[in-house]
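Reading through the structure tokens given below for one structure.
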Amino acid sequence: MSANGGTKAIVAALLANVGIAITKFVAFLLTSSSSMLAESVHSVADSGNQALLLLGGKRAKRAATPEHPFGYGRERYIYAFIVSIVLFSIGGLFALYEAYHKWSDPHGITEWQWVPIVVLVAAIIMESFSFRTAIKESNHVRGNQSWVRFIRRAKAPELPVVLLEDFGALVGLVFALFGVTMTLITGNGKWDAAGTAMIGVLLVLIAIVLAIETKSLLLGEGAEASDVAAIERAVTEGPEVERIIHMKTLYLGPEELMVAAKIGVPACESAQDLARGINAVEARIRAAVPTARVIYLEPDIYSVAAAEAGTGTAADTAAPQPEAERSGG
């Protein structure tokens, strides 16, 4: 659901931004407003970002290979990280440069004065529809999480990226409308420069947030506490496992979780019985957490004495101590 919802939100944002970028460029050519130029470049950058997200989603679906045995799911994280770089450099830094240039050489809007107002209001309306789509699709997977937690903890990067981009676009349009309106009222182009600078600072901040969150996904995040608890219950609720000795989880991609655990099992009469027990545990894990698609379970015999001694976790695998140490000599 999250992948389909993310694609729908990306396509909606892409279509909106292409149309908005064209109208903003026309408005800039007619008025020479720096706010309009900054917003035009912002929309172009956003359009490119959405294309990158679509490309990343497509490449992530490639089948696993011997060189990449766990598949390509993390490509979605890589392209989301590239988006943050594009937003920072092309969107934010360009807007700040344009603001500095306009502040150094301010000039009012003397021709086609009504054009930027009409374009910005129309852009706000179009961007609102895109933002509404992103919110609607995010609500399908957000659950009871706050928006901040959803953006910070979502494993699929597309929806948080589109949400932040659309939010930034709406706020940036308001900044541009403020700068243009004050320039028209006062005739002072520094208001236009101020609006442009506000857009640049906003985009840089959003890019930094995206980079930080995507970096965490690239480094590798484990399952949420609720999913870890569900996996632990699934492992221990049957007779096949006495206890979990240790367990680790890792997202290989937005919808693929790896579970690796060393489990204490009771003595079995045959390897066949042990294999049947492990298969039953794996089936329970997948039923409890469907994203747990890669599971490695290592059976062992738990020993309290070995665990306390720090020499091992199982009676048969604990490192033997020298006779002199055991006798105190």
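Per the working numbering, the very first residue in the sequence shown carries number 27; after that it's consecutive. Glycine included, each C-beta is placed from N, C-alpha and C at the ideal position.
Bridge partners - Glu282, DSSP secondary structure assignment: For Glu282, which the question treats as bridged, DSSP gives the partners Gly279.
Backbone CA spacing between Pro120 and Ile289 [nearest angstrom]: Contrary to the premise, residue 120 reads as Phe rather than Pro in this sequence. Taking the straight line joining both Cα atoms gives about 55 Å.
Per-residue DSSP class, three states only, for Asp72: Of the three classes helix, strand and coil, the one that applies to Asp72 here is helix, per DSSP.
Pair within 8 Å by beta-carbon distance, Ser59 and Val206: For the pair Ser59 and Val206, the CB atoms are nearer than the 8 Å cut-off.
Three-way DSSP call (helix, strand, coil) for His272 in this model: Three-state DSSP puts His272 in a strand.
8 Å contact criterion, which Ala202 and Gly221 should meet: CB distance rounded: Contact holds; Cβ gap of about 5 Å.
Cβ-Cβ distance between Val291 and Val267 below 8 Å: For the 8 Å CB-CB criterion, Val291 and Val267 form a contact.
Nearest neighbour of Gln139, chosen from Ala297, Ile211 and Glu153 [CA to CA]: Among Ala297, Ile211 and Glu153, the Cα nearest to that of Gln139 belongs to Ile211.
8 Å Cβ cutoff met for Pro183 and Leu278: Taking 8 Å as the Cβ cut-off, Pro183 and Leu278 do not qualify as a contacting pair.
For Ile321 and Leu283, the rounded distance between their alpha carbons: Each residue's alpha carbon lies about 8 Å from the other.
The stretch 83–90 contacting the stretch 108–123, beta-carbon criterion three pairs below 8 Å: Result no; under three Cβ-Cβ pairs closer than 8 Å.
Residue range of the unbroken alpha helix (DSSP H) whose run includes Val141: Here the alpha helix (DSSP H) through Val141 covers Trp140 to Arg168.
Sequence-distant residues of its chain with Cβ nearer than 6 Å to Leu273 (five each side left out): In the sequence as displayed, the identity of residue 273 is Met instead of Leu. Same-chain partners within the cutoff: Ala287.
Residues bridged to Gly290 (per DSSP): DSSP lists Arg269 and Asp326 as partners of Gly290.
Residue range of the unbroken alpha helix (DSSP H) whose run includes Val315: Bounds of any alpha helix (DSSP H) do not take in Val315, whose DSSP letter is neither H nor E.
Among Trp173, Ser154, Val44 and Glu324, nearest to Asp192 - alpha-carbon criterion: Among Trp173, Ser154, Val44 and Glu324, the Cα nearest to that of Asp192 belongs to Ser154.
Integer-rounded CB distance, given that Pro142 should sit under 8 Å from Thr57: Right, the Cβ-Cβ distance comes to about 5 Å (below 8 Å), so this counts as a contact.
The stretch 230–244 touching the stretch 94–106, judged by at least three CB pairs closer than 8 Å: Cβ pair count under 8 Å is three or more, so yes.
Cα-Cα separation, Ser73 to Val254: Straight across, the Cα-Cα distance linking Ser73 with Val254 is about 37 Å.
Distance between Ala301 and Ala47 (C-alpha atoms, nearest Å): So the alpha carbons of these two residues sit roughly 60 Å apart.
Pro325 beta carbon near the ligand GDP (any heavy atom closer than 7 Å): Among the components modelled here there is no ligand, and therefore nothing to report on the ligand GDP.
DSSP-derived helix/strand/coil call for Arg319: Strand.
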